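Novice: Here full-length UniProt numbering is used: the first residue of the sequence shown is 1, the next is one more, and so on. The following block contains the structure, expressed as structure tokens.
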Amino acid sequence: MERVTLSRRKRPLSNEVCDRIVNDYIANGNVKPGSLLPSEKELTAKYDVSRVTLRAAIKSLHDRGLVSVRNGVGATVLPRPPVSSKIVHHLERLASLDKAASDAGKLLKTEDLKWGQSTVTPEISTKLRLPVGDPVYFVQRSKVLDQSRIAWTIDWLPTTIIDLDLIRNEFKGSLLDALLLHSELELNYADLEVVPQILDSEVAGHLGIATGGPVLYLDTVVYGAAGQPDIWGQVWVLPEHVRFFIRRHMQF
């Protein structure tokens with residue numbers, strides 16, 4: 001088996017190995033659903049990584065619903081979800097709406113982008129565990145698909161987490177995607193709540209549509225490895241454009 005050189009970028013190595021396995025074996029159909037991935041020995045040699053790193057990558061594949069794992073047998077590739085004309089957002093992944101669109105071969109554009117600094121309100125304090133009145137950064141924008149606004153997004157983050165000018169320069173449409181490139185932040189997991197709402201005048205104005213229609217509100221708090229909240233994300237998305245999906249499976 002040919003050895004592959006990984007880029008060793010600013011992200012967990014296991015994440016990169018996970019992506020390479022998807023590209024090398026699953027997405028292109030080299031390993032069909034119901035068939036086993038190469039053995040642990042073969043994959044550690046191919047990607048020149050430790051067994052610990054490879055097992056973390058396989059766990060990520062399992063958590064994404066791409067493989068099932070049986071001790072003593074290996075990792076079996078699972079069938080892919082049905083094809084949808086909508087953006088399919090896999091909720092079990094710590095990934096942005098932009099990434100979900102990219103995976104579906106669609107381009108989400110960013111408009112109405114605004115960066116700023118505000119003060120912590122009681123609601124922000126509850127989400128980010130910051131004192132009321134402290135400074136807090138925010139970035140807000142609308143997401144556009146095929147010339148239609150499909151989502152309005154506001155992200156809040158502590159002023160101590162990262163230099164704002166740095167992250168603005170690295171921003172490509174998603175704050176989460178930009179921060180995930182910084183392994184030193186150790187972004188680890190997120191709590192997500194999805195709530196159906198009726199469009200009010202403020203959100204409807206940002207989306208350029210009438211009030212009173214349905215909208216899905218995604219309330220997400222992203223945590224670092226030590227359990228500290230680092231991002232509070234608020235997204236209002238029109239349900240006719242996005243399909244939310246989660247594959248439930250036995251515990252790894």
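Don't be surprised by glycine CBs; every beta carbon is placed ideally from N, CA and C. These numbers were taken from a predicted model, which means no experiment stands behind them.
1) What's the call for Asp-98, buried or exposed, on a 16-neighbour Cβ count within 10 Å?
2) Checking 8 Å against the spacing of the C-beta atoms, do Leu-145 and His-241 come in under that value?
3) Do Val-203 and Trp-152 have their C-beta atoms within less than 8 Å of each other?
4) Mapping DSSP to helix, strand and coil, what is Asp-112?
5) Hey, Val-139 and Thr-121: beta-carbon distance below 8 Å or not?
6) Quick check on DSSP: helix, strand or coil for Arg-8?
7) Where do the ends of the alpha helix (DSSP H) carrying Lys-59 lie?
8) Looking only at DSSP bridge pairs, what is Lys-143 linked to?
9) Nearest-angstrom Cα distance between Val-235 and Leu-218?
10) Taking the alpha-carbon positions, what's the Pro-239 to Thr-126 distance?
11) Measure the C-alpha to C-alpha separation of Gly-65 and Ile-26 and round it to an integer number of angstroms.
12) How would you write the range of the beta strand (DSSP E) that Ala-190 sits in, first residue to last?
13) How many Å lie between Glu-111 and Leu-175 at the Cα?
14) Where do the N-terminal and C-terminal ends of the beta strand (DSSP E) with Pro-214 fall, by residue?
15) Using only the alpha-carbon positions, how far apart do Gly-105 and Trp-156 sit?
16) Just to check, is the beta-carbon of Leu-78 closer than 7 Å to a non-hydrogen atom of the ligand GDP?
17) Tell me whether Ser-68 sits in a helix, a strand or coil according to DSSP, three-state version.
18) Is the Cβ-Cβ distance between Ala-57 and Ile-21 less than 8 Å?
Specialist: In short, the structure shows the following:
1) buried
2) yes
3) yes
4) strand
5) no
6) Residue placement at Arg-8 is poorly supported in this model, since its pLDDT is 47, which falls under 50; the coordinates are not used for a value here.
7) 51-63
8) Thr-110, Ala-151
9) 5 Å
10) 28 Å
11) 12 Å
12) 187-198
13) 14 Å
14) 214-224
15) 28 Å
16) As presented, the structure is devoid of all ligands, the ligand GDP included, so that no description of it is given.
17) strand
18) yes
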